[in-house]
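In this note's numbering, the protein residues as written are 644 to 774.
From the three backbone atoms N, C-alpha and C, an ideal C-beta is built for every residue, glycine too.
One structure is given here, and the rest of the page talks about it.
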Amino acid sequence: MGAAGLAVLLSGCSLNTMLWGDDGAGVIETTEGLIDAATEGEAESYMCEGHDPELREPADWEGLSAEEPERFVADYWPDQVPLEPRWNIGLSLPTERVAGGVEFPGYVFYQETDDGLCVVDVTWWTVESEG
Numbered sequence: 644m645g646a647a648g649l650a651v652l653l654s655g656c657s658l659n660t661m662l663w664g665d666d667g668a669g670v671i672e673t674t675e676g677l678i679d680a681a682t683e684g685e686a687e688s689y690m691c692e693g694h695d696p697e698l699r700e701p702a703d704w705e706g707l708s709a710e711e712p713e714r715f716v717a718d719y720w721p722d723q724v725p726l727e728p729r730w731n732i733g734l735s736l737p738t739e740r741v742a743g744g745v746e747f748p749g750y751v752f753y754q755e756t757d758d759g760l761c762v763v764d765v766t767w768w769t770v771e772s773e774g
């Protein structure tokens with residue numbers, strides 16, 4: 644076990660909590676749950692009331708992983724500003740699915756509510772070419 648692993652073990656914190664803090668780790672955890680639910684076609688409970696982001700097909704979510712959580716920055720995402728997100732997180736497509744023309748959910752945008760995080764938008768990306 645390396646020094647980082649030992650520090651995580653001794654602190655009782657997850658690695659995500661150490662890297663991203665409690666809030667960022669919560670975004671990652673919520674996103675992992677969303678991916679699992681969307682893969683099963685059962686992600687409705689993750690949606691904010693009054694929002695209906697495009698989720699497409701369950702197969703589109705298979706094998707995705709949550710990347711780095713970020714506090715929402717309006718300058719980077721002007722189309723999402725009216726949705727008032729507080730967080731966004733990129734999703735990573737597994738290498739075995741990388742092929743020119745493949746579309747996948749690239750970013751998820753969350754609002755914070757009294758009940759936790761909920762999804763207000765999903766942006767879709769297209770793989771331009773392989774390698």
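Using DSSP with H/G/I as helix, E/B as strand and the rest coil, what is residue i?
i: residue 687; result: helix
i: residue 759; result: strand
i: residue 740; result: helix
Could you tell me which residues DSSP pairs with residue i in its beta bridges?
i: residue 709; result: 734
i: residue 752; result: 731, 764
i: residue 746; result: 769
i: residue 714; result: 730
Please return the same chain residues whose Cβ sits closer than 8 Å to the Cβ of residue i, not counting the five positions on each side in sequence.
i: residue 725; result: none
i: residue 710; result: 732, 733, 734, 735
i: residue 744; result: 769, 770
i: residue 772; result: 743
i: residue 678; result: 704, 707, 708, 709, 734
i: residue 755; result: 729, 730
So, at 6 Å on beta carbons, what are the nonlocal neighbours of residue i in its own chain, with the 5 sequence-adjacent residues on each side left out?
i: residue 723; result: 752, 764
i: residue 737; result: 706
Looking only at its chain, what residues have a beta carbon closer than 7 Å to the beta carbon of residue i, apart from the 5 residues adjacent to it on each side?
i: residue 681; result: 698, 701, 704
i: residue 740; result: 706
*the stretch 730 to 750 / the stretch 683 to 692 touching (three or more Cβ pairs under 8 Å)*: no
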